[in-house]
Each structure stands twice: as structure tokens, then as C-alpha cells.
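One structure below.
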Amino acid sequence: MSEDTGAARIAELEADNRRLRRLLDQRDAPGELRHRLRNTLAMLRIVIRRSAETERDRDEFVAHLQDRLDAIARAQAAIDSHGWIDLHTLLADELLYYGASEGDRVTLSGPDIALLPKAGQVLAMAIHELAVNAVEHGSLGAEAGRIDVAWHVANGDADPFLTLTWKESGLTSTTEPAHRGFGTEVLTRVLAYEFKAETAFAFEPDGLRCTITLLLPPQVGQVSDP
Numbered sequence: 676m677s678e679d680t681g682a683a684r685i686a687e688l689e690a691d692n693r694r695l696r697r698l699l700d701q702r703d704a705p706g707e708l709r710h711r712l713r714n715t716l717a718m719l720r721i722v723i724r725r726s727a728e729t730e731r732d733r734d735e736f737v738a739h740l741q742d743r744l745d746a747i748a749r750a751q752a753a754i755d756s757h758g759w760i761d762l763h764t765l766l767a768d769e770l771l772y773y774g775a776s777e778g779d780r781v782t783l784s785g786p787d788i789a790l791l792p793k794a795g796q797v798l799a800m801a802i803h804e805l806a807v808n809a810v811e812h813g814s815l816g817a818e819a820g821r822i823d824v825a826w827h828v829a830n831g832d833a834d835p836f837l838t839l840t841w842k843e844s845g846l847t848s849t850t851e852p853a854h855r856g857f858g859t860e861v862l863t864r865v866l867a868y869e870f871k872a873e874t875a876f877a878f879e880p881d882g883l884r885c886t887i888t889l890l891l892p893p894q895v896g897q898v899s900d901p
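Take 676 as the starting number for the sequence shown in the numbering used here and just add one per residue.
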């Protein structure tokens, strides 16, 4: 990516942000729309600020930032259509974006879970970071690599909790990275802040295992009928 292209893309992102702000400032905008825009803008600020802090090369920063914003946009498109997004759809769409289709190199299994807008956006970021890591360092970069994602919901003390396990395989070896960047922060600190989630990484011989456990109160999501 050339310097001119990178600068042009940053200008486009800034223009999009200004348009969102104008929509937010419209007094006759529906309350639900204003609420969603506030959540989206807050998410964009987090992504842009933290990406800038962790990406050192300008072209790399722009490319990673664009991919992260595109992941949020894909989730938001489904949210705009239905008011929520299905967890299975969120996973399948993100993996398909990187060329990994369900039934080929991907297995997804778990109950139908409808995620509300903010939860959908945050989990879209987390799933995106797992997918990108799989492309750059994990199973999606290996010819025989595959990804199996399974999730289930169990009763908790007050609210149910969701456990999602992302398991990569097909590698001959795997090691824990020396440097942890924005992706690790999303999977640990951001999920913990938003959902009181716990995230565990296991660098197994054939690939990464990531287990995420989070509370599933009604304001986050719920198991839905197929």
C-alpha cells in the first residue's frame, strides 16, 4: 500500500466518522438509532486509538485498521437488518471473509444465540482478531489447518453464562508469541470490561486453543429458537 493510498484511506475514515456524528446530532433521529450510533462511535474510537498505539508501520496500521472496521461493519449490517446478530452467523461470516468456509476447513457447533447490538460489535472484534491471527500465524496459514468452534450455555448463579472454545489444528508446532498486541487486549481486557469475561489461551502442539467464558444476561443476548 502506497503512502498516498494510506493517507486517502485515513481521510475516508475521518469523513465517515464526521458523517456519523452529524447523524447523531440530528434531533429528530430515532432514539434507538442515536443509541446505536453512540455505541458504534465509541467502538470506532477504541479501535482507532489502540490500533495507532500498537501498529508501528503506517501501511500496516492502515491495513489492520481497515480490516477491524470492516469486521464491525459486517456485524452492524446484520444488526441493522434484525436488531441483533446470531453468534453462528458472526463466526461463519468472519471466517468466510478469510476464505475458510464451514464444512471445509471450519466446524461450528452450538445453540442459536441472538446477540444484542453492543455485544455483537464487541464479539465481532474478538472473533476478527482470532481469525486474523489464524491467517497470519495459525491454522488458516497452513495447508492442512482447520478451525473448530464450539459453544454452550449453562446456568449461573444469576444469569446464564456462555462458553466458547476456538480450537485450531493442523500445525506441526506452536509457541506462545513474545509480543501481545491489540488483538490480545480485545480478547482479554475488552471482553473482561464489557462482559466480565474470562479468556484462556493454550498453545497446544497442533494449534491454538482459546476459551472465552462470559455472562449472558438479557442485555447481552439469549438463546433463541432456530
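Just so it is clear, CB atoms sit at the ideal spot from N, CA and C, and this is done for glycine as well. Since we're looking at a predicted model, the values are computed, not measured.
- Per DSSP, the beta-bridge partners of V824 are L783, W841.
- Contact check for L783 and A801: beta-carbon distance about 15 Å, past the 8 Å limit, so the pair fails to qualify.
- In this structure, the CA atom of R884 is about 11 Å from the CA atom of E851.
- In the three-state scheme derived from DSSP, where H, G and I count as helix and E and B as strand, Q894 is classed as coil.
- Taking T838 as reference, the option from S776, G845, V797, W826 with the minimal CA-CA separation is W826.
- Considering only D779, R743, P786, L891, the residue with the shortest C-alpha distance to T764 is P786.
- In this structure, T840 is the residue among T840, S848, T847 with its C-alpha nearest to the C-alpha of L862.
- Look at the segment 758-812 and you find these whole runs of beta strand (DSSP E), each 3 residues long or longer: 781-784, 788-790.
- L846 is the residue among L846, D779, Q894 whose C-alpha sits nearest the C-alpha of P880.
- Within the same chain, L837, F870, A872 come within 6 Å of L889 by CB-CB distance, once the 5 residues on both sides are set aside.
- DSSP, reduced to helix, strand and coil, places R884 within a strand of the structure shown.
- By a beta-carbon distance limit of 8 Å, R749 does not contact R780. Their separation comes to about 19 Å.
- Counting the other CB atoms within 10 Å of its CB gives G816 a total below 16, which places it among the exposed residues.
- Annotated as distal: T859 and L866, with beta-carbon spacing of 8 Å or more.
- In this chain, the beta strand (DSSP E) harbouring E879 covers 873-879.
- Beta-bridge annotation (DSSP): A829 is paired with F836.
- Here the alpha carbons of A794 and A746 stand approximately 14 Å from one another.
- If you check the CB distance, Q894 and L762 do not come in under 8 Å.
- Residues of the same chain with a CB within less than 8 Å of the CB of H812, apart from the 5 flanking positions on each side, are P852 in chain order.
- Scanning G778, A752, E843, V824 for the CA closest to the CA of V810 turns up E843.
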